[in-house]
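Engineer: As they're listed, the protein sequences go chains Y and D.
If you read the first sequence in the numbering used here, its first letter stands for residue -6, the second for the next number, and so on.
If you read the second sequence in the numbering used here, its first letter stands for residue 2, the second for the next number, and so on.
Just so you know, even glycine gets a beta-carbon here, dropped at the ideal spot from N, CA and C.
Next up is a structure, given as structure tokens.
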Amino acid sequence: MPVNLPRTFFGFSPQADAKRPAFGLADVAIGLGVLTLLYVASRVGAQSFVRFNPPEIIPAVSLDPRNLPDYAARSTLRMFIALILSTLFTFVYGYAAARSRRAERVLVPLLDILQSIPVLGFLSVTVTAFIALFRGSLLGLEAASVFAIFTGQAWNMTFSLYQSLRSLPSELDEMATLYRLSKWERFTRLELPASAIGLVWNGMMSFGGGWFFLAASEAISVLNRQYTLPGIGSYVAAAVAARDLRALGWAIVTMVILILLIDQFFWKPLVTIADRYKLELSAGEERQSWLVDLWRSASLPQHAERLTQPVLRRVDAMLAKATAVKAKPQRRAPSKTGDRVYNVSLILITAGLLIAAVRFVLAEVGIGEVGHAALLGLLTGGRVIVLLVFSTLVWTPVGVAIGFSPKLARVSQPIVQILASFPANFLFPFATLGFIMLGISLNWGSMLLMALGAQWYLLFNVIGGAQSIPNDLREMAASIGLRRGREWKALIGPGIFGSWVTGAITASGGAWNASIVSELVSWGNTTLRANGLGAYISEATGKGDWPRIVLGVGLMSIFVVGLNRLVWRPLYDLAETKYRLG
Amino acid sequence: MEQNSSLLIAEHVAKSFPLPAGGEQTVLEEVTLNIAQGEVVALLGRSGSGKSTLLRILAGLIQPSSGRVLVNGAPLEGPNSQVAMVFQSFALLPWLTVQENAELGLFARGEAKEICEKEATVALSMVGLEGFEGAYPKELSGGMRQRVGFARAFVMKPDVLMMDEPFSALDVLTAENLRGEISDLWERNAFPAKSILIVTHNIEEAVLLADRIVVLGANPGCVRGEVRVEMPRPRDKKAARFISLVDYIYTVMTNPQAPVAALPAKEPSSRFPMLPHARVGGISGLLEIVNDRGGREDLPKLAESLRLEVDDLLPAVDASAMLRFAEVVQGDVVITDAGKEFATAGVHRSHEIFKEQLLANVPFVTTVIEALSQKKNGRIGKDFLLDILDEHFSASEAERQFETLVDWGRYAQLFEYDANDERLYAAEAEISESTLDG
């Protein structure tokens, strides 16, 4: 047997019967690729982490497009560091939530809330904290930016891992217990592979969303001060300040190239590999990635693997031994009194925190301000609803048309995915310029800005929904002569409802978050402002007005959580029970 | 094989779960069981008899609420290291090769790589999988996947090899084939375990494989008695003794009160008789077939000609008996006059007959009708009924009872159920509603 180490995540194990080709073109390509990657990473890393700057000297961003590759690389590095951190967080948090009953009761609701909190509202808090932490160094800003991206990525991924772990087939779990797999073996052979697909897809989506936070966090004004971190996001901010349309164009081109490159070199291969870890035993069509094919056809990786395999195997066996299950791992039934004490202390802590927050806000700004902010929240909420309605009206027919035509879907789905990961705030300046020239109030315009990012979630979920309507049902509709309107009412509408709800939930969450950067925009020295909770938070952040930051962010969280509970959850349940296909 | 020492003993083992409405649901009560060296024991029971629960208690995967398990005389704590299990759904890891799957248990035991490899190769060749070592489970057919499951258990060389309905996820021919090979291994004394404990609801399978069949009763699960199968191996399915034993067990299993092998039967604690999970379509289908075959048919034959497992067939038989459409006599289904009429009636008339039998024989339906008539608006919520059912059944069983009740009541046109607002309507009230809606 040539291969006995189970497939792990360290690399692509070659097939057991794979031939060993001679050193070929593929190896040249792989070798050059690895060297390039190492060079770029070390160069960029050195720049970010070695050059120390006191915070008084803000690094300048040059608008020369020749600097763009450098800026792009630095932004990309931030994204990947955040991704690594998110992954680590996911494993610790998701694992704890899935494995401990008591931890689960705190961690899962907390995650639900964290997911609903407008991350951008917290930028001010984190930036100040991190600057204080890394006094006199650029690292503070770097950390704050990475943290902002992290908060945009981590929650989704954690939920995905938690759900995968909780929905492991019970017989597999029993098998692992009965055959006494050690904790390490259980993790690498069962749990990690079983959650791989969900994790990779969620990571990919969250990574796409992360660009938005990157762009927002690289150039930020906090506590009456402008902080800039060299990167593609701050390049855009500088271009806006200088009213330089050409530079903006370059930034957008760079961004598109960057997204494409990362997709081809990172996510596509990862998705292809993860595809192998399907829990269903049915043989299906395999995903393809040219990079994975290249890697598999090259001999260099195989040589490397042959060299590393004995070491890896030894490490594997060592970890397995170290984490072996003890003789009697059976859990005792948790004591009832212990549970009660735990519950009561949970309630007390939660209540204490809530009271402290309310007292702080009331003491500092008064009840009138709360009412004012709540009204602004209603305004922003109204915008979110209007944009959802409009996006639905526009994109549902388009999505259904794409979903019903396999040819159209093949062409357009990658495009839609790219559009969804493209940070909408790169397009804000153009829209802002348009508003200024046409004299459109941002009260209306901000809806367009919010929609720029949010609408794509609706579109590609509707495409997916339309694709999942069985052909039989469509043929039935055609054969009994359902006309367009009737067909929509009887088949298409109910058929895509579930996907639409999923898309709308994501879009609504994204729109609330985007309101913080959409209700207050500028072009050069001209600043447009809309009445809304987003602008309220944005202004409070700029001024460092703590009570108003807490009030605004808290209210927005309440709005988001409330909408989720009162509107989206029931709709989702309805979709799951009544409008389920198959 | 010599039968002497006890490998595995369950002593007064019971298991209960808390019910949502308070109180407890007893899944298994007071089971004492002994697995001796060199024997094949089958746990035979219908769904709800707690047979899988009992197996998992013996495997140390579930802790009993009371009683204890002894392994080679010592009380069991945690997973039982002296057993290996073959699972109904195979429980293979799709991302590991056949070889890696088979090695898994040994590897976890910390054996050297060479030993794992060698043992797995031996076990795989025992189940006829030479040459498939590098394949992935998804490339294999269902039968071959379960062979990997067997090989994984074989390499452990356990005292007791446990099988949890190992053939029920396979198609009939494949199951037959694999069952034959396993019993062949046992008969040749080549089986890599000292004893076998198999859970099944397939009567023929139990008679074919076991030395001893432990018949479990349902709600709550308990041992009703055991049947010794004293027939030479390999057993001939067409032999008269084989057929009469299968018939006998069918009779036992369709009559919860019947004594098993002269052991006194327990009085079923059924203040609240459980509705068998049979759809009206299934009941009338069964009755039509029995009627076509002269009004009387052998249950095993019926199961075989319909290609149905007992668990699928028996609910329809039970429901027919409950509604007095048929009765079970010595392993045969015998149709009653009402059953004959029901089987041959036109659509409209069959609804009426069903209604008559339902009202006459199922008191709970009468209770529901009364509750409906007492309500001013003529409707009651699902929750209300579930609350009642929850006192007698587990949460999931209460749901199934409710579903069956709705199915029967709808067919009898006694009441209607609106799944959207989860309410039962008296039938007349529903008609006006539906005309409004439509």
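Between D:E328, D:E400, D:E353 and D:D333, which lies nearest to R411 (chain D) when the distance is taken from Cα to Cα?
Structural biologist: In the second sequence, the residue the question calls residue 411 (chain D) occupies position 410. For the residues D:E328, D:E400, D:E353 and D:D333, the minimum Cα distance to R411 (chain D) belongs to D:E353.
Engineer: Taking the alpha-carbon positions, what's the K363 (chain Y) to I530 (chain Y) distance?
Structural biologist: Here residue 363 (chain Y) refers to the residue found at position 370 of the first sequence. Here residue 530 (chain Y) refers to the residue found at position 537 of the first sequence. In the sequence as displayed, the identity of residue 363 (chain Y) is Val instead of Lys. Cα-Cα distance, rounded: 13 Å.
Engineer: Where do the ends of the alpha helix (DSSP H) carrying L94 (chain D) lie?
Structural biologist: Sequence index remark: in the second sequence, residue 94 (chain D) carries index 93 (1-based). Counting along the chain, L94 (chain D) falls outside any alpha helix (DSSP H), and DSSP gives it neither H nor E.
Engineer: Excluding the 5 residues flanking G133 (chain Y) on each side, which residues of the same chain have their C-beta closer than 7 Å to its C-beta?
Structural biologist: Taking the first residue of the first sequence as position 1, residue 133 (chain Y) is located at position 140. Excluding sequence neighbours, G133 (chain Y) sits near F123, I124, L126 and F127.
Engineer: Which of the three DSSP states, helix, strand or coil, is assigned to A235 (chain Y)?
Structural biologist: Position 242 of the first sequence, counted from the first residue, corresponds to residue 235 (chain Y). Here A235 (chain Y) sits in coil by DSSP.
Engineer: Between A109 (chain D) and R94 (chain Y), is the Cβ-Cβ spacing less than 8 Å?
Structural biologist: Residue 109 (chain D) sits at position 108 when you count from the first residue of the second sequence. Residue 94 (chain Y) sits at position 101 when you count from the first residue of the first sequence. No.
Engineer: For P186 (chain Y), return the contacting residues in chain D, with the cut-off set at a CB-CB distance below 9 Å.
Structural biologist: As a working mapping, residue 186 (chain Y) is identified with position 193 in the first sequence. By Cβ distance, chain D contributes L94, P95, W96 and L97.
Engineer: Which two residues bound the contiguous beta strand (DSSP E) that contains D299 (chain D)?
Structural biologist: Along the second sequence, one-based indexing puts residue 299 (chain D) at 298. Counting along the chain, the beta strand (DSSP E) containing D299 (chain D) begins and ends at R297 to D299.
Engineer: State the CB to CB distance for the pair G226 (chain D) and G51 (chain D), rounded to an integer number of angstroms; the pair is presumed to be in contact (CB under 8 Å).
Structural biologist: Counting from one through the second sequence, the residue named residue 226 (chain D) turns up at place 225. Counting from one through the second sequence, the residue named residue 51 (chain D) turns up at place 50. No, G226 (chain D) and G51 (chain D) are not in contact; Cβ-Cβ is about 15 Å, not under 8 Å.
Engineer: Whose Cβ in chain D lies nearer than 7 Å to the Cβ of M168 (chain Y)?
Structural biologist: As a first step, residue 168 (chain Y) must be located in the first sequence, where it is residue number 175. Within chain D, the residues near M168 (chain Y) are F88 and A92.
Engineer: Residue range of the beta strand (DSSP E) that H13 (chain D) falls in?
Structural biologist: For the purposes of this step, residue 13 (chain D) is taken as residue 12 along the second sequence, with counting starting at 1. S7 to P19 is the extent of the beta strand (DSSP E) around H13 (chain D).
Engineer: Out of D:A113, D:F155 and D:E134, which has the shortest C-alpha to C-alpha gap to R307 (chain Y)?
Structural biologist: Position 314 of the first sequence holds residue 307 (chain Y). Taking only the C-alpha atoms, the option nearest R307 (chain Y) is D:A113.
Engineer: With a CB to CB cut of under 7 Å and the five nearest residues on each side skipped, what residues in its chain are close to V285 (chain Y)?
Structural biologist: To locate residue 285 (chain Y), count along the first sequence from 1; it is residue 292. Same-chain partners within the cutoff: F5, P262, T265 and I266.
Engineer: Identify the contact partners of E569 (chain Y) in chain D, using a Cβ-Cβ distance below 7 Å as the criterion.
Structural biologist: Numbered from its first residue, the first sequence carries residue 569 (chain Y) at position 576. In chain order: nothing, as chain D lies at least about 13 Å away.
Engineer: Taking Cβ to Cβ, would you say L97 (chain D) is nearer than 8 Å to G144 (chain D)?
Structural biologist: Numbered from 1 along the second sequence, position 96 holds the residue referred to as residue 97 (chain D). Numbered from 1 along the second sequence, position 143 holds the residue referred to as residue 144 (chain D). Not in contact: L97 (chain D) and G144 (chain D) (Cβ atoms no closer than 8 Å).
Engineer: With a CB to CB cut of under 7 Å and the five nearest residues on each side skipped, what residues in its chain are close to D408 (chain D)?
Structural biologist: Stepping through the second sequence from its first residue, residue 408 (chain D) is reached at position 407. Only R280 and V281 meet the Cβ criterion.
Engineer: Return the first residue and the last residue of the alpha helix (DSSP H) that V409 (chain Y) is part of.
Structural biologist: Within the first sequence, the letter at position 416 stands for residue 409 (chain Y). Element bounds for V409 (chain Y): P399 to S414.
Engineer: Could you give the distance in angstroms between the alpha-carbon of V32 (chain D) and the alpha-carbon of T122 (chain D)?
Structural biologist: As a working mapping, residue 32 (chain D) is identified with position 31 in the second sequence. As a working mapping, residue 122 (chain D) is identified with position 121 in the second sequence. Their Cα atoms are separated by approximately 39 Å.
Engineer: Can you say whether A75 (chain Y) is buried or exposed, counting buried as having 16 or more other CB atoms within 10 angstroms of its CB?
Structural biologist: In the first sequence, counting from the first residue as 1, residue 75 (chain Y) sits at position 82. Buried is the call here.
Engineer: For M232 (chain D) and D212 (chain D), I'd like the C-alpha separation in whole angstroms.
Structural biologist: On the second sequence, position 231 is the one that residue 232 (chain D) refers to. On the second sequence, position 211 is the one that residue 212 (chain D) refers to. Cα to Cα, the separation comes out at about 8 Å.
Engineer: So what does V379 (chain Y) bridge to, in DSSP terms?
Structural biologist: Numbered from 1 along the first sequence, position 386 holds the residue referred to as residue 379 (chain Y). Per DSSP, none; premise fails for V379 (chain Y).
Engineer: With DSSP run on the structure shown, which of helix, strand or coil describes N585 (chain Y)?
Structural biologist: In the structure as shown, chain Y starts at -6 and stops at 575, and residue 585 (chain Y) therefore has no counterpart that could be examined.
Engineer: Is DSSP giving M311 (chain Y) helix, strand or coil here?
Structural biologist: On the first sequence, residue 311 (chain Y) is found 318 positions in, with the first residue counted as 1. Three-state result, M311 (chain Y): helix.
Engineer: Closest Cβ-Cβ distance between P162 (chain Y) and chain B: below 8 Å?
Structural biologist: In summary, chain B is missing from the structure at hand, where the protein chains are Y and D.
Engineer: Under the assumption that L158 (chain Y) contacts S109 (chain Y) (Cβ atoms under 8 Å), give the Cβ distance between them as a whole number of angstroms.
Structural biologist: The sequence position of residue 158 (chain Y) within the first sequence is 165, counting from 1. The sequence position of residue 109 (chain Y) within the first sequence is 116, counting from 1. Contact doesn't hold; Cβ gap of about 22 Å is too wide.
Engineer: What's the C-alpha gap between Q147 (chain D) and A317 (chain Y)?
Structural biologist: Stepping through the second sequence from its first residue, residue 147 (chain D) is reached at position 146. Stepping through the first sequence from its first residue, residue 317 (chain Y) is reached at position 324. Whole-angstrom Cα-Cα distance: 27 Å.
Engineer: Below 7 Å on C-beta distance, what does G441 (chain D) contact in chain Y?
Structural biologist: Residue 441 (chain D) is absent from the model: chain D starts at 2 and stops at 439.
Engineer: Report back the beta-carbon spacing between S492 (chain Y) and G457 (chain Y) to the nearest angstrom; my notes put them in contact at under 8 Å.
Structural biologist: For the purposes of this step, residue 492 (chain Y) is identified with residue 499 of the first sequence, where counting begins at 1. For the purposes of this step, residue 457 (chain Y) is identified with residue 464 of the first sequence, where counting begins at 1. Contact flag correct, Cβ pair sits at about 5 Å.
Engineer: What's the gap between the Cα of G474 (chain Y) and the Cα of L373 (chain D)?
Structural biologist: Looking up residue 474 (chain Y) in the first sequence gives position 481. Looking up residue 373 (chain D) in the second sequence gives position 372. Each residue's alpha carbon lies about 42 Å from the other.
Engineer: Using a C-beta to C-beta distance shorter than 7 Å, which residues of chain D count as neighbours of Y270 (chain Y)?
Structural biologist: Residue 270 (chain Y) sits at position 277 when you count from the first residue of the first sequence. Per Cβ cutoff of 7 Å: W96.
Engineer: Indicate whether S508 (chain Y) and L526 (chain Y) have their beta-carbon atoms separated by less than 8 Å.
Structural biologist: Reading the first sequence from its first residue, position 515 is the one you call residue 508 (chain Y). Reading the first sequence from its first residue, position 533 is the one you call residue 526 (chain Y). Taking 8 Å as the Cβ cut-off, S508 (chain Y) and L526 (chain Y) qualify as a contacting pair.
Engineer: Taking E140 (chain D) as the reference, which of D:D388, D:Q83, D:P167 and D:L94 has the closest Cα?
Structural biologist: Translated into the one-based positions of the second sequence, residue 140 (chain D) becomes position 139. The shortest Cα separation from E140 (chain D) among D:D388, D:Q83, D:P167 and D:L94 belongs to D:L94.
Engineer: Could you work out which residues of chain D lie near Y172 (chain Y), taking near to mean beta carbons separated by less than 7 Å?
Structural biologist: Stepping through the first sequence from its first residue, residue 172 (chain Y) is reached at position 179. In chain order: L105, G106 and A109.
Engineer: Along chain D, in chain order, which residues have C-beta atoms closer than 9 Å to that of L183 (chain Y)?
Structural biologist: Position 190 of the first sequence, counted from the first residue, corresponds to residue 183 (chain Y). In chain order: L94.
Engineer: Apart from the five residues just before and just after S184 (chain D), which ones in its own chain have a Cβ nearer than 6 Å to its Cβ?
Structural biologist: If you number the second sequence from 1, residue 184 (chain D) lands on position 183. Taken in chain order, the residues that qualify are L210.
Engineer: Under the three-state reduction of DSSP, which class applies to E25 (chain D): helix, strand or coil?
Structural biologist: For the purposes of this step, residue 25 (chain D) is taken as residue 24 along the second sequence, with counting starting at 1. In this structure, E25 (chain D) counts as strand in the three-state DSSP scheme.
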